[in-house]
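> A single structure is presented below for examination.
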Amino acid sequence: MNPMRLRIRLLRRLRQWLPPGLAEKVALAEPGAGWPGSPLARLALGAGGSGRLRLRLEHGVAAAIRRRGMEGLPAAPDWGGWQSLGRRRLHFKAVRPEGRQVLLLDALHECVWLLWREPPPVRMNRKY
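Numbering (the working numbering), first residue to last: 8 to 135.
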């Protein structure tokens, strides 16, 4: 499959997972510094997911968040709302109620991280 077409399909699928106010404000980030290079990786978030994906946040949205804090954040009702991670109010976290997906928003570096956990494998107990 064409790599460009694959990126477009991936972004379309990701936007289905994101809150509606944020879905149109992100784009796939270019490969570069991954999760270990992120300042959010140093926080104890309880989100040691089995998958991570970095998205680029639109400059205007990040600037609004830096200026107005939580008031500049897009609504995330299905995600249980946003929680601030720190006093400067530049990093935020939203968790899905079932706890399988976590959104981390970094307004300073203009990126969003989507972390997820795969469900545990189904165990079948066979008794003969």
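Every residue, glycine too, gets a C-beta built ideally from N, C-alpha and C.
Is it buried or exposed for Arg61, if we count other Cβ within 10 angstroms and need 16 for buried?
Along the sequence shown, read from residue 1 onward, the residue named residue 61 stands at position 54. Arg61 should be labelled buried.
> Tell me which residue opens and which closes the alpha helix (DSSP H) that Gly58 is part of.
As a working note, residue 58 is residue 51 in the sequence shown. Gly58 -> not in any alpha helix (DSSP H); beta strand (DSSP E) instead, spanning Gly58 to Leu64.
> Below 6 Å CB to CB, which residues in the same chain sit around Glu65 once its five sequence neighbours on both sides are set aside?
If you number the sequence shown from 1, residue 65 lands on position 58. Same-chain partners within the cutoff: Lys32.
> According to the Cβ coordinates, are Trp86 and Ala101 closer than 8 Å?
Here residue 86 is taken as the residue at index 79 of the sequence shown, counted from 1. Here residue 101 is taken as the residue at index 94 of the sequence shown, counted from 1. In this structure, Ala101 lies closer than 8 Å to Trp86 by Cβ.
> Let me check one thing: in DSSP terms, what residues is Leu121 bridge-paired to?
Within the sequence shown, numbered from 1, the residue matching residue 121 stands at position 114. BP columns for Leu121 point to Leu60 and Leu110.
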